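To start, the structure itself, in structure tokens.
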Amino acid sequence: LLIQQGMKSFYQFA
Amino acid sequence: MFEARLVQGSLMKKFMEAIKDLVKEANWDCTGTGISLQAMDTSHVSLVSLLLRSDGFDPYRCDRNISLGINMESMAKIMKCASNDDVITIRSEDHPDNVTFVFESPNQEKVCDYEMKLMDIDSEHLGIPDTEYDAIISMPASEFQRICRDLSNIGDSVKITCNKDGVQFSAQGDTGIGKIALKQNAVIDKEDGQVSIELNDPVSLTFALRYLTFFTKATPLASTVTLSVSAKNPVAVEYRVDDIGYIRYYLAPKIEE
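Just so you know, the sequences run in chain order A and B.
Our numbering puts the first residue of the first sequence at 1, with every later residue one more than the last.
Our numbering puts the first residue of the second sequence at 15, with every later residue one more than the last.
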């Protein structure tokens with residue numbers, strides 16, 4: 001089963 | 015005041031088409047450098063970042079940094095009112111409640127003036143670190159669009175595998191499997207129509223085709239697209255637009271549970 005990751009788990013708020 | 019006049023107004027129409035299906039609302043940040051925008055889609059799975067450099071406009075004037083909070087659907091509707099050969103000017107005051115778009119026909123016999131209300135948007139700006147990518151794939155933008163379209167008929171996700179043999183796009187669904195392999199062209203110079211691969215490490219990652227298909231709405235902006243792929247990281251999909259800037263999309267990968 002493939003789970004879609006979210007953007008915020010990679011990039012911090014600037 | 016802020017004023018930016020784009021002689022090749024059709025570019026603004028194309029940029030709008032390239033983001034309107036992905037982002038509902040966003041701030042257009044206007045500074046001396048140019049106009050930039052960064053926004054995530056509503057499910058926070060992908061991110062779009064664009065830059066229109068000030069030297070791509072004639073003239074460009076920005077007395078004070080401003081953010082124009084814009085509903086994309088409304089702006090897209092207004093941009094559709096511009097003809098492809100119109101000159102487009104974006105104008106606003108230093109503390110704007112609205113923005114004005116002026117469309118001039120090439121012979122200046124027709125001038126259209128649209129004023130649009132601005133919104134207050136709490137923008138969440140993400141810092142995107144410089145990344146060492148495992149593979150950087152350049153290919154004709156139309157080829158990438160075709161691959162996304164074709165594999166969407168097979169499944170929801172595409173697995174991008176890049177190694178010394180080339181790059182493979184594959185999708186799997188109830189009806190079966192589809193695989194598209196591209197080899198690097200023998201000619202090394204990056205001319206239009208070429209596939210080139212800069213490979214540091216073999217890499218394989220899976221992405222949602224729905225979002226990649228949104229990204230391919232930028233195809234009319236550039237002849238070449240660049241996919242930068244790194245293990246366990248978002249893919250960066252970049253369209254460089256001659257003489258003015260770029261539009262980049264980032265998409266988080268899917269992982270096996």
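Glycine included, every Cβ here is placed at the ideal spot set by N, Cα and C.
Computed from a prediction, not measured in an experiment: that's the story for all the values here.
According to DSSP, P154(B) shares a beta bridge with T238(B). Contact between V37(B) and M86(B) holds: their C-beta atoms lie close to 6 angstroms from each other, under 8 angstroms.
Within the model, the alpha-carbon separation for I191(B) versus T175(B) is close to 15 angstroms.
For K268(B), the three-state secondary structure derived from DSSP is strand.
Residue burial is scored here from C-beta neighbours: I269(B) has fewer than 16 other C-beta atoms within 10 angstroms and is therefore classed as exposed. For the segment 116-144 of chain B, the full-length beta strand (DSSP E) segments reaching 3 residues or more read 125-131 along the chain. Chain-order list of chain A residues neighbouring P248(B): Q5, M7, F10, Y11, by C-beta distance under 9 angstroms. At a beta-carbon threshold of 9 angstroms, the residues of chain A lying near L140(B) are M7, K8, F10, Y11, Q12, F13, A14, ordered along the chain. Listed in chain order, the non-local C-beta contacts of N112(B) below 8 angstroms within the same chain comprise S106, E129, M130, K131, L132, local neighbours out to five positions each way being set aside. By the Cβ-count criterion, D100(B) is buried, with 16 or more other Cβ atoms from all chains shown falling within 10 Å of its own Cβ. Under the three-state reduction of DSSP, M86(B) is assigned to helix.
The DSSP-derived three-state label of L1(A) is coil. By the rule that beta-carbons nearer than 8 angstroms mark a contact, S171(B) touches chain A. Per DSSP, reduced to three states, the secondary structure at Y260(B) is strand. In the three-state reduction of the DSSP assignment, E252(B) falls in the strand class.
Among the residues of chain A, those whose CB is under 7 angstroms from the CB of P267(B) are Q5, following chain order. Sixteen is the threshold: when 16 or more other Cβ atoms of the shown chains lie within 10 Å of the Cβ of R262(B), as they do, the residue is buried. Check the Cα spacing between L66(B) and each of T56(B), T45(B), V209(B): the tightest is with T45(B). For M26(B), the CB contacts under 6 angstroms within the same chain, skipping 5 residues up- and downstream, are L20, I102 in chain order. Bridge partners of Y147(B) according to DSSP: none are assigned.
L64(B) sits close to F29(B), with the two beta carbons spaced by under 8 angstroms. The Cβ of Y264(B) sits closer than 8 angstroms to at least one Cβ of chain A. Under a criterion of Cβ atoms nearer than 8 angstroms, the residues of chain A adjacent to M54(B) are, in order, M7. In terms of Cβ geometry, L223(B) and A14(A) do not form a close pair [threshold 8 angstroms]. For K193(B), the beta-bridge partners assigned by DSSP are S184(B).
For T240(B), not one C-beta of chain A is nearer than 8 angstroms to its own C-beta.
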